[in-house]
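In what follows, a structure is listed as structure tokens, so that the remarks can point back to it.
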Amino acid sequence: MITFVALPILLPFIFIISLLVFRSDRLAGWLGVFGSGLLILLSGYLFILVQKHGVIALQMGGWEAPFGITLVVDFLSAIMLVVAALIVFSIAIYALRFLPKTIRLNRFFIFFFGLTMGLNGAFVTGDVFNLFVWFEVMLMSSFVLITLGRTKEQLEGGIKYMSLNLIGSLLFLAGVGLLYGKTGTLNMAHLAEILKNDNQAILMNTSAVLFFVAFGIKAAVFPLYFWLPASYHTPNITISSLFAGLLTKVGVYTFIRFFTLFFVHDQQFWHQLLLITAGFTMVAGGMAAAAHYETRRILSYHIISQIGYMIMGLGIFTPLAIAGAIFFTIHNMIAKTNTFLVAGMIAKARGTFELKEVGGLFKQSPFLAILFMVPAFALAGVPPISGFFAKFILIKAGLENGNYVITAVAILTGMLTLYSMIKIWNEAFLKAQPANEYASTPFKKLKFAEYFPSVLLGATSILMGLFAAYLFDFTMNAANQLIDPSLYIETVLKG
Amino acid sequence: MVYILLVFLSASLLIFILPGWLKKQKAILLSFVQFAAFIYFLSHVSEITSYHSKSIFIEWIPQLGLNLEFMLDGLSMVFALLVTGIGALVFLYAKDYMKSYAGTDKFFFYLMLFSGAMLGLVLSGNLIQLFIFWELTSFISFFLISFFHEKESARKAAFQSLYITGFGGLSMLAGIVLLGSVVDSYSFSDWLSNANAIKESNLYLPGLLLILAGIFTKSAQFPFHFWLPGAMQAPAPVSSYLHSATMVKAGIFLLARLSPVLGGTPEWTYIISLTGVLTMLTGSYFAITQTDLKGILAFTTINALGVLVLLLGINTTESIKAAMLFLFIHAFYKATLFMVAGLIEKKTGTRELRQLGGLIKYMPLTFVIAFLALLSMAGLPPLLGFLGKELIYEAKVQSPGIASMILILGVTSNIFMVAVSLYFARKVFLGKPGNFPKQPNERGAAFLIGPGVLALLSLVLGLSPGKLGSAVIKPALSAVLGEVAEVKLKIWHGFNQVFFLSMLTIILGFLLYVAMLKKDKLLIYWKKINDVVFAVQLDEVFAWVMDKFVAVSKLKTKTVQHGYHRLYILTIIVFTSLLLWFQVFVTRSWNFDIPFTLRPFYISGLALVIILASAVSAVSRSRIVTIISMGVAGYGISLIFLYYSAVDLAITQILVETLTLVMFMAILQKLPRFAVLSSKKTRLRDFLIALGFGSVMTILALKAVNVNLNRSISDFYLENSYLKAFGENVVNVILVDFRALDTLGEVTVLTIAAVGVYLLLSKPKSRKL
Amino acid sequence: MEIILAIVVGLLYTVGVYLLLRRSILKFIIGLIFMSNATNLLVFLSAGLVPGSPAFVQAGSGSSAPLADPLPQALVLTAIVIGLGIVVFTLALKYKFFETTGTDDLDQLKKTDN
Amino acid sequence: MNDSISTTVLLIAFSLLLAALILAFTRLLKGPSINDRIAAMDVISIVVMGFILVYSVLINNAMYFDIPIVISLISFIGTVAVSTYLKHKNG
Amino acid sequence: MDKIIISIFILAGSFFILVAAIGLLRFKDLYARLHAGTKAPSFGILLLLIGVSIYFNTPVVYIKSLFIIVFIYLTAPLGAHAIAKSFDNKGKNKKQ
Amino acid sequence: MNSVILQLAAKYLRWLLISFAVLALLRGHNNPGGGFIGGLMAGLAIVYKGFAFNAFQVKEKLLKRPERYMGLGLFLILLSFIPSVFAGKPLMTGIWITVPVPFFSGIKLGTPFLFDIGVFFTVIGVTLLFVFSLTQKK
Amino acid sequence: MKILKKTYYLLAFCLFYLFKLVQSNIYIAWDILTPGKQSNPAFVEVPVILNSDTGLLMFSNLLSMTPGTLSLDISRDKKTMLVHVLYYSDEEQIQNGLKEMQQKIKRITG
Ligand code: NA
Ligand code: NA
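So the protein sequences, as listed, match chains A, B, C, D, E, F and G. With UniProt numbering, letter number 188 in the first sequence gets 188, and the count goes up by one each step, no holes. With UniProt numbering, letter number 452 in the second sequence gets 452, and the count goes up by one each step, no holes. With UniProt numbering, letter number 97 in the third sequence gets 97, and the count goes up by one each step, no holes. With UniProt numbering, letter number 43 in the fourth sequence gets 43, and the count goes up by one each step, no holes. With UniProt numbering, letter number 50 in the fifth sequence gets 50, and the count goes up by one each step, no holes. With UniProt numbering, letter number 75 in the sixth sequence gets 75, and the count goes up by one each step, no holes. With UniProt numbering, letter number 100 in the seventh sequence gets 100, and the count goes up by one each step, no holes.
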């Protein structure tokens with residue numbers, strides 16, 4: 001049973017091997033869907049296990065912590081795994097129809113599973129250096145994915161994406177080195193135990209800065225996000241969608257993990273810094289989204305803006321706020337991916353992502369309109385879809401904790417989100433199709449594999465809203481586990 | 001109650017799956033649903049007394065204080081009756097009105113959903129739940145207003161209304177959460193029982209202001225009123241519903257609802273009364289100069305909303321009683337008039353006052369109906385409107401403190417209303433026939449059912465208001481006041497101050513009307529004056545602000561996301577350096593005890609070589625020199641590894657360094673030479689920034705060497721490598737056993753990189769399926 | 001010696017950052033390699049230095065002499081190998097980019113930002 | 001350290017090698033052709049091997065013997081590889 | 001005695017390596033530098049290896065040394081050959 | 001480089017290099033070396049021939065090989081995890097057996113060794129693919 | 001018998017080689033350390049009489065490791081070798097010297 005903890009990593013690994021050996025594209029498509037489907041089952045199982053046991057830990061190689069590498073699944077990891085699997089599954093199906101013929105499925109799915117492997121590794125590992133390794137696995141896969149089409153734009157975007165992220169990686173590694181130099185350990189739970197009562201823990205601040213910047217780059221927070229708007233709109237929409245929901249959120253995940261588990265000294269400084277960063281991130285992203293007229297760019301800036309909310313939850317640092325951050329994160333992963341998927345469908349229907357060039361889609365395909373509306377409403381925080389609860393929890397947490405400024409910023413940013421969503425809606429759906437080269441493109445009825453991923457994610461968003469109570473309970477448990485990590489530490493070190 | 005909401009929801013969804021023959025009658029069906037709901041509420045009127053209310057509690061997310069609480073008390077009843085009653089008539093009216101348009105399924109879907117949301121709102125006993133319905137009404141009204149979405153003006157108006165009410169809604173949410181934190185509940189009953197605690201809390205004022213922001217935007221109070229005239233882009237049934245019983249009335253409802261909790265303080269009275277007065281004046285003043293039928297009506301709605309807010313602000317028994325009555329009055333005449341306006345537009349093809357006239361000949365019944373409604377609007381006896389105005393004057397007379405001012409402004413505003421009503425009747429129905437684009441007629445009786453019923457109600461209830469007062473207004477009044485109060489409505493109050501004021505209003509209003517009629521120029525001048533004095537229209541301001549905001553955003557985005565890659569890196573490095581230096585400064589008191597030594601000299605020499613090679617690499621103009629120096633530095637580092645006992649590491653570094661060099665050389669010949677691309681100044685700046693970063697990293701390294709909080713876990717590896725993992729090379733054992741998972745990730749990275757490099761550089765191949 | 005090596009680390013970072021800030025993509029990549037070397041050395045250094053006693057344990061001897069800490073060695077080794085993959089991919093990307101656009105100047109890469 | 005070979009001898013050897021390293025490095029920087037630089041690299045790799053051999057005597061650990069093998073192998077392949085690319089281009 | 005022999009070998013080896021470096025720097029053209037850079041360092045490393053092997057005096061070390069020597073003597077001329085062959089000295093004339 | 005001499009040498013050098021590499025792999029658990037070092041050396045040994053013959057024209061046949069190496073390597077790594085599952089131990093726990101060898105006390109073989117062999121093959125494939133890709137003729 | 005003979009030749013060759021090596025290195029060291037000596041470099045084409053690949057390789061390597069000569073290239077037909085000579089005096093003499101070396105090798109490789 002406990003072996004299952006390693007499977008989120010090993011399953012994608014097995015599929016990578018299969019894809020290296022069997023080179024048929026048709027088979028690759030099946031393997032992709034099948035593999036990611038298996039991941040859903042697996043993470044669902046882990047989710048159930050965690051609810052039963054609280055925290056489960058697997059000491060890899062039988063070497064007890066902190067000497068070996070421990071894989072840990074707690075509430076936070078479990079929910080991230082489930083949501084990631086859901087997204088990955090949707091994208092696997094989506095890829096079958098939306099990847100251009102020039103990208104071979106056999107190759108795509110190697111990197112797809114590479115990304116998944118790194119992602120899952122990052123979610124389950126309890127070891128700082130191992131986390132670095134999974135970051136790199138993920139990063140390397142994403143480098144390849146972003147340039148897979150090899151157009152000029154993609155190469156340019158790829159260079160920017162890559163270079164800024166690599167700087168992040170190096171800072172991360174430096175942080176790991178310094179941390180090890182000071183504490184002599186790499187195990188997160190062990191770190192937590194060492195730093196818990198140490199009055200010298202403030203000396204960790206410099207390492208923490210390096211992690212802060214590294215995760216900040218990964219999560220695309222304010223003065224570090226440049227790579228994202230420069231690159232996310234360049235690859236095929238399948239790949240953009242894959243990135244949109246997953247990559248930055250891993251940064252958020254690690255932020256939450258590190259700054260609740262062992263960087264808990266000097267809270268004054270860190271929480272202020274997180275809040276300031278969060279505020280600027282929200283506004284900068286939101287404003288930029290308002291300025292653009294290309295769906296992928298708008299949505300990309302939204303990613304940034306919404307990362308601000310997640311960081312805000314961490315910065316407020318009450319159980320409710322952290323629950324809010326987690327809730328927001330998972331809501332956003334699903335809704336954000338979904339908006340990208342729909343953007344792809346819009347572009348497929350019309351042949352362009354430029355909002356000024358398209359229109360009339362409401363009339364032509366009310367179904368597509370609904371597909372868009374669900375995630376757009378979710379992102380805009382329209383009750384009773386998931387996004388409303390996410391924002392509500394954060395606002396409640398912020399106001400109850402007296403963080404008025406950031407809450408005000410969050411509320412105002414909500415207006416910016418609304419603005420952009422209405423913009424897309426007005427331009428692509430409501431407005432009549434302008435008479436241009438794209439007008440003659442006949443609207444093809446959506447095929448099952450094209451709309452199913454969006455339906456799946458949309459339904460999830462709605463269900464997350466309707467059953468927000470369960471989800472909130474879960475995120476609250478996760479937050480309590482994070483605020484008081486004694487079970488985590490005990491399970492890892494003594495389990 | 002809950003079932004009614006569910007029925008509304010399912011009815012709205014049912015539209016799409018109705019069989020064809022039933023689909024034609026969907027408006028009737030929905031109207032029937034509305035009517036059934038109306039009957040349901042009506043049947044409970046006797047049950048809901050001043051002392052008794054119905055409530056339902058459904059647990060939803062109790063951890064967040066978010067439960068489904070439905071509450072039917074006197075106040076809810078008033079609104080529920082209006083929503084469902086007028087709803088039934090509006091659907092009936094819409095059946096014929098929407099006949100000629102496409103997409104009626106969607107229209108009725110929205111409208112039914114909207115009605116349900118409004119009903120949910122007024123039945124909410126939990127303020128967050130109320131907020132949810134509140135937002136739903138905002139969003140659904142967006143769809144209703146933008147129903148003719150290929151018109152840009154419709155999209156703009158829809159956006160404007162959603163944006164303003166949405167913004168207000170969010171502030172309101174903040175206010176609710178803020179005040180909710182005082183009593184740790186969002187349940188209205190908890191607020192009510194802790195009203196004093198809330199009022200005494202220092203969160204009271206900010207909370208109040210935030211909630212008022214929601215109320216004022218939704219109820220189109222000055223200066224947020226401008227979205228409402230824009231909303232007439234919606235089809236007439238929507239306008240009629242929106243202005244009379246729903247949407248804008250949501251703010252009034254909430255104000256009344258919260259009055260027993262938050263009311264009674266000077267802040268409440270002054271802020272709200274003042275806003276109400278200003279809105280009232282704004283509405284009536286601008287109504288006069290409108291030439292669009294719907295425009296006139298929209299501004300009269302603003303006037304009415306101002307009156308309602310003012311009355312609730314005054315917050316006396318009299319004022320609230322007046323408000324509750326005025327709700328009905330306004331709903332009746334406004335719904336009627338909008339339906340009539342829609343009818344006129346439909347039949348004549350225009351809404352422009354200048355093109356209308358003499359319609360009485362073609363549409364006599366319509367005239368009667370409209371005239372009754374207009375009389376009610378003007379506050380003339382014997383209609384319900386008169387009753388209302390009397391009560392209002394009475395309330396104003398008795399209002400504490402600012403009575404005289406409010407009175408003067410109130411009378412002025414009503415003078416305008418009288419004039420407008422008469423002018424409307426005269427210009428549309430009497431006089432010479434206008435030049436209509438279409439020949440008007442009065443066919444289609446269903447059109448007239450709605451307005452007819454409502455106009456009749458205005459008259460009948462005006463003549464015998466007693467039952468309305470005791471059965472409906474009284475429980476509502478009690479709910480708002482939080483205590484039982486008596487209500488006796490009668491048309492004749494005797495000769496008193498109020499009666500004289502009424503007479504004065506009517507006389508002056510009539511004179512104004514005559515002036516307007518006789519001197520066409522007057523209106524034109526008036527309009528001109530307005531154009532000068534109010535040169536800046538608020539909706540234009542809104543559009544301007546949005547445009548400017550987008551422009552600023554564009555500029556900001558261009559400035560931040562400038563595209564200069566090296567400046568991105570510069571930003572990141574400077575940001576990191578600043579944080580690091582700051583932390584180094586904060587923790588500067590750490591004690592440092594590492595001795596400085598140059599021995600062994602060959603390592604110092606090696607260090608020197610590394611430094612030199614690096615420096616050469618940095619400044620050399622030759623690509624080859626740069627790359628080879630880089631290699632030398634790499635080899636030097638591998639020797640340092642070697643000296644400090646890292647054999648495997650050194651070997652790996654050498655191998656990797658060489659492979660890297662080979663790769664560099666492989667592509668080098670195909671790449672251009674270095675050019676001098678940056679100025680000396682730039683280079684100096686970059687160097688200083690680099691040095692700033694480098695030096696802080698030096699400090700960090702030393703600090704990490706110096707600080708040892710805990711014994712390293714490595715002892716375990718040294719002890720167990722041979723005993724338990726059967727290997728002498730501990731580093732290798734770590735790689736393949738203790739921490740084999742790292743290596744697994746590492747080879748995965750390599751594999752992916754290799755396949756990636758191949759794909760990047762090979763010829764593209766199409767998919768084979 | 002730690003001080004000297006710490007200075008080496010700092011200077012490697014300096015050179016790395018300086019090169020990162022250049023306009024040539026090639027220089028940028030070289031800067032990345034310097035940063036990477038600096039980081040590896042930093043990791044290696046901050047765990048403490050033990051000259052001349054590699055972590056090789058003989059049969060049954062356990063650990064008698066103070067041996068060098070093997071863990072940072074393994075970490076750096078892993079990091080180096082990962083770095084190799086990344087650098088080669090970066091080079092390939094750079095090469096492909098040059099082939100497609102004919103420029104090495106990062107300041108020309110502004111099309112995807114706005 | 002050990003007592004069989006005088007440290008002085010080893011230090012002298014180190015000094016000679018260090019001098020060689022610096023000289024070869026100078027050639028590396030001066031060029032002028034890439035081929036010259038590669039030739040210098042070759043010599044440097046030998047110097048490094050020398051360093052390692054002397055050092056292994058200094059710390060009395062035969063384990064370090066594996067490294068010269070790798071270096072010789074690698075430097076040769078590096079030389080051949082780089083030369084391959086230089087067939088037509090210098091500078 | 002051993003000590004002296006070992007010391008001589010080590011010093012001589014280092015010396016020849018130094019000589020190679022000097023030659024590399026002093027000679028005027030690439031071919032001449034290759035002459036210096038091929039022969040002397042290989043010889044120097046040979047001497048060093050002999051000295052060090054005697055010092056450790058274990059079979060494994062001797063075998064390894066032999067390996068290295070064979071390898072270096074196999075590859076050093078090949079390397080020089082590769083460098084020289086790839087050198088483009090703008091119309092190299094057969095005889096000067 | 002299209003040099004007859006280098007081509008002549010390739011025959012000998014290749015096997016010498018590969019045997020070095022295998023040695024580095026086999027001795028890695030107790031001596032410096034291991035899968036990565038061995039793999040890279042072996043990879044370079046195979047690549048050397050390409051340099052000597054200047055033979056990097058992309059041939060489908062030639063290019064399938066690196067991926068097979070990688071597939072094999074990763075598969076061996078995966079295989080090395082399986083015994084621990086069947087032994088009921090935590091995943092990746094090293095399982096060791098002693099192979100009796102005449103005149104010796106026996107050679108200890110374990111799954112970590114298999115893991116290292118997997119790394120070895122993967123790295124060979126990676127090296128080949130790197131060099132092949134970057135040296136392709138356009 | 002043949003093998004014995006070949007082994008003998010191989011050993012003899014090794015000694016010869018070793019001698020040449022020491023000689024060459026002392027020579028070159030002297031040359032390097034005494035400034036001012038004028039070299040006279042030249043390219044010489046040497047006819048190849050060896051017909052086995054191994055022999056050719058040995059010859060080429062040996063040539064490069066002995067003083068003053070460096071093998072640059074072998075023609076495609078393996079009939080001539082381009083040699084760089086540091087101290088050029090007389091082409092005949094050089095070619096003869098190299099012929100002797102080739103014969104020694106031929107005895108081993110056959
Ligand atoms: Na330390
Ligand atoms: Na590794």
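Glycine included, C-beta positions come from ideal geometry on N, C-alpha and C. All values derive from a computational prediction rather than experimental measurement.
Min CB distance residue 131 (chain C) to chain F below 9 angstroms: This structure cannot settle anything about residue 131 (chain C), because the visible part of chain C is limited to 1 through 114.
Beta carbon of G34 (chain F) nearer than 9 angstroms to that of L735 (chain B): Between G34 (chain F) and L735 (chain B), the gap from beta carbon to beta carbon is short of 9 angstroms.
Cβ-Cβ separation, I56 (chain B) to V122 (chain B) (assumed contact under 8 angstroms), whole Å: At roughly 14 angstroms, the Cβ-Cβ gap does not stay under 8 angstroms, so V122 (chain B) and I56 (chain B) are not in contact.
Those runs of the alpha helix (DSSP H) which lie wholly inside the stretch 446-494 of chain B and span at least 4 residues: Fully enclosed alpha helix (DSSP H) runs of 4 or longer: 446-463 and 474-481.
Enclosing beta strand (DSSP E) for residue 520 (chain A) [first to last residue]: No information on residue 520 (chain A) is available, as it lies outside the stretch 1 to 495 that chain A covers here.
Of the listed residues C:R22, C:P54 and C:G31, nearest to L170 (chain A) (C-alpha basis): The shortest Cα separation from L170 (chain A) among C:R22, C:P54 and C:G31 belongs to C:G31.
Helix, strand or coil at W15 (chain F) [DSSP, three-state]: In the three-state DSSP reduction, W15 (chain F) falls in the helix class (H, G or I).
Test: S3 (chain F) CB closer than 9 angstroms to a CB of chain C: Not one beta carbon of chain C lies nearer than 9 angstroms to the beta carbon of S3 (chain F).
Beta-carbon contacts of A373 (chain B) that lie in its chain and below 6 angstroms, excluding the five residues immediately before and after: Closer than 6 angstroms at the Cβ level, and outside the excluded window around A373 (chain B), lie Y333, T336, L337 and A455.
DSSP-derived helix/strand/coil call for F147 (chain B): For F147 (chain B), the secondary structure class from DSSP, reduced to helix, strand or coil, is coil.
Helix, strand or coil at W96 (chain F) according to DSSP, with G and I counted as helix: W96 (chain F) falls in the strand class under three-state DSSP.
Residue-level contact to chain C via CB, R26 (chain A), 9 angstroms cutoff: For R26 (chain A), not one C-beta of chain C is nearer than 9 angstroms to its own C-beta.
A80 (chain B) to A37 (chain B) span [Cα, whole Å]: Just so you know, the alpha carbons of A80 (chain B) and A37 (chain B) end up roughly 9 angstroms apart.
L760 (chain B) and F89 (chain C) closer than 9 angstroms at C-beta: Yes.
Range covered by the alpha helix (DSSP H) that runs through I272 (chain B): Where I272 (chain B) is concerned, the enclosing alpha helix (DSSP H) stretches over P266 to T289.
Chain C contact for V90 (chain B) (CB, 9 angstroms cutoff): Not an interface residue.
Per-residue contacts from V43 (chain D) into chain E (C-beta, under 7 angstroms): Residues of chain E with a Cβ closer than 7 angstroms to the Cβ of V43 (chain D) are, in chain order, A20, A21, L24, G37 and P41.
Buried versus exposed, by CB contacts within 10 Å (16 or more), A12 (chain G): A12 (chain G) counts as exposed, since fewer than 16 other C-beta atoms from the protein chains shown sit within 10 angstroms of its C-beta.
Alpha-carbon to alpha-carbon, V57 (chain D) and F716 (chain B): If you take the alpha carbons of F716 (chain B) and V57 (chain D), they lie about 30 angstroms apart.
DSSP state of M71 (chain B) mapped onto helix, strand, coil: Secondary structure at M71 (chain B): strand, using DSSP grouped into helix, strand and coil.
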